[in-house]
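For what it's worth, the working numbering labels the leading residue of the sequence shown as 19, then goes sequentially.
We put the beta carbon where it would ideally sit given N, CA and C, even for glycine.
Reading through the structure tokens given below for one structure.
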Amino acid sequence: QYEKINFSACGHEEKRLASYCHFARNDPNHQCFGAWNYKYEWTQHQHKCNNCIER
């Protein structure tokens, strides 16, 4: 499961790992071959994404 962060200041979005799926938790390499989904989603109104900050 992932979390999705929308950055309205620059128009980009980031996807971060929130938790491993059942299969990935039991796999030594944490590989998951199933479908993924968003566990959380929110918007950062006043902040830019890390890529835009580093430029």
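Coarse secondary structure for Asn-24, derived from DSSP in three states: For this step, residue 24 is matched to residue 6 along the sequence shown. Here Asn-24 sits in strand by DSSP.
Report the rounded CA-to-CA distance for His-63 versus Phe-25, giving the unit in angstroms. Here the question's residue 63 lines up with position 45 in the sequence shown. Here the question's residue 25 lines up with position 7 in the sequence shown. Those two C-alpha atoms are separated by around 6 Å.
Secondary structure at Arg-73, three-state DSSP: helix, strand or coil? Position 55 of the sequence shown holds residue 73. Correct three-state label for Arg-73: coil.
Neighbourhood of Ser-37 by C-beta distance below 6 Å, restricted to the same chain and skipping five residues each side: Locating residue 37 in the sequence shown gives position 19, where the first residue counts as 1. Excluding residues within five positions, the ones whose Cβ falls inside 6 Å are Gln-19.
Select from Ile-71, Asn-69 and Cys-39 the residue whose C-alpha is nearest the C-alpha of Ala-53. The count along the sequence shown starts at 1 and reaches residue 53 at position 35. Cα-wise, what sits closest to Ala-53 is Cys-39.
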